[in-house]
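In this note's numbering, the protein residues as written are 3 to 280.
Okay, here's the thing in structure tokens:
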């Protein structure tokens with residue numbers, strides 16, 4: 003199926019949020035001794051949004067401290083990487099208002115794939131995203147997707163960022179709070195065009211850790227070193243959407259062909275339909 007984006011259409015389908023706790027979510031801390039070895043298989047999650055509603059594995063928008071405001075994420079037939087539908091994610095001033103640890107006000111509209119015990123595992127995640135044609139290109143901190151570890155406060159371990167027209171990846175230095183170990187420049191992103199992303203993350207507290215990123219079929223980043231904090235839980239979660247410092251203008255991102263699995267082939271957005279038949 004061909005990628006398409008007809009922004010001028012405006013038909014929106016009602017979003018049905020998942021209620022209650024996430025399927026397979028880790029609800030309680032796990033003893034550090036159990037974090038020394040893999041304790042669960044990598045979950046297989048998929049959402050092409052063709053049902054007209056969000057898949058049930060996504061965390062509810064008001065779960066925890068809140069991930070998105072009511073009406074901020076809808077399934078739409080106005081734009082799609084494949085098939086007929088995608089998720090439209092819009093953040094507006096004051097949505098899920100919070101402050102960083104340094105006191106900077108921020109806002110967000112993010113989908114959260116829930117916590118899963120993944121320490122010691124190789125995890126693959128793929129998705130397609132498109133920035134709206136009127137997306138503001140501004141010098142404001144903006145995260146498009148991020149990996150976080152349960153029980154670890156502060157910056158994400160891995161973050162895909164877009165700021166002042168620059169597209170880049172950051173990796174947190176887990177030994178020095180507030181510091182970044184790596185920053186990798188990524189290929190440019192143009193509003194109105196789909197991009198296919200595939201992350202490969204090996205979660206480890208030592209040099210066995212690995213982060214690889216493919217964009218539109220090309221390997222664009224490879225970083226080795228710790229990807230987990232020894233003192234936190236062995237559970238991790240991935241978020242995708244819009245997380246930014248506070249500003250007045252809205253931003254809109256379209257998301258399609260989301261998958262979490264145990265291989266490149268299982269999550270590649272360019273082969274989303276074919277992988278579903280395996």
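C-beta: ideal position from N, C-alpha, C; glycine also.
Could you have a look at residue i and say whether DSSP puts it in helix, strand or coil?
i, result
"residue 275", "helix"
"residue 251", "coil"
"residue 32", "Confidence at residue 32 is low in this model, with a pLDDT of 36, below 50, so its placement is unreliable and the value that follows should be read with caution. Three-state DSSP puts residue 32 in coil, outside helix and strand."
"residue 267", "helix"
"residue 25", "Low local confidence applies: a pLDDT of 45 at residue 25 is under 50, so the model's placement there is unreliable, and no value is given."
"residue 140", "coil"
"residue 103", "coil"
"residue 196", "coil"
"residue 168", "strand"
"residue 161", "strand"
"residue 191", "coil"
"residue 146", "strand"
Indicate, with yes or no, if the ligand NAP has a heavy atom lying under 7 Å from the CB of residue i.
i, result
"residue 214", "For the structure depicted, the ligand NAP is absent and the ligand set is empty, with no information on it obtainable."
Using only CA atoms, which one of the options lies nearest to residue i?
i, options, result
"residue 202", "149, 191, 132, 208", "149"
"residue 124", "152, 240, 44, 233", "44"
"residue 2", "131, 247, 244, 223", "The first residue shown for the chain is 3 and the last is 280, placing residue 2 beyond what the model contains."
"residue 193", "206, 168, 143", "168"
"residue 187", "173, 252, 178, 200", "173"
"residue 90", "70, 138, 234", "70"
"residue 118", "273, 237, 224", "237"
"residue 92", "104, 76, 80", "76"
"residue 142", "164, 47, 113", "164"
"residue 157", "248, 230, 134", "230"
"residue 272", "127, 102, 95", "127"
"residue 245", "48, 112, 140, 177", "112"
"residue 251", "140, 145, 114", "140"
"residue 267", "129, 104, 57, 107", "129"
"residue 121", "166, 147, 94, 151", "151"
"residue 136", "72, 265, 253, 242", "253"
"residue 102", "114, 215, 248", "248"
"residue 114", "205, 182, 63", "63"
"residue 215", "79, 134, 106, 197", "197"
"residue 161", "78, 265, 240", "240"
"residue 207", "232, 175, 98, 80", "232"
Per DSSP, residue i is paired with what?
i, result
"residue 261", "48, 128"
"residue 213", "203, 225"
"residue 243", "112"
"residue 283", "Outside the modelled stretch of the chain, which goes from 3 to 280, sits residue 283, for which no answer is possible."
"residue 155", "DSSP lists no partner for residue 155."
"residue 220", "217"
"residue 237", "119"
"residue 285", "Nothing can be reported for residue 285: it is not among the residues displayed for the chain, which extend from 3 to 280."
Please check if any C-beta of chain C sits within less than 8 Å of the C-beta of residue i.
i, result
"residue 116", "Absence of chain C from the displayed structure is noted, only one protein chain being present."
Go through the stretch 39 to 97 residue by residue and report every complete run of the beta strand (DSSP E) that reaches 3 residues or more, in order. 47 to 49, 75 to 78, 88 to 93
Would the stretch 244 to 262 count as touching the stretch 216 to 232 if we require 3 or more Cβ pairs under 8 Å? no
The stretch 76 to 94 in contact with the stretch 45 to 63 per 3-pair CB rule at 8 Å: Flag = yes, the stretch 76 to 94 and the stretch 45 to 63 touch.
Cβ pair count under 8 Å reaching 3, the stretch 222 to 242 against the stretch 204 to 214: yes
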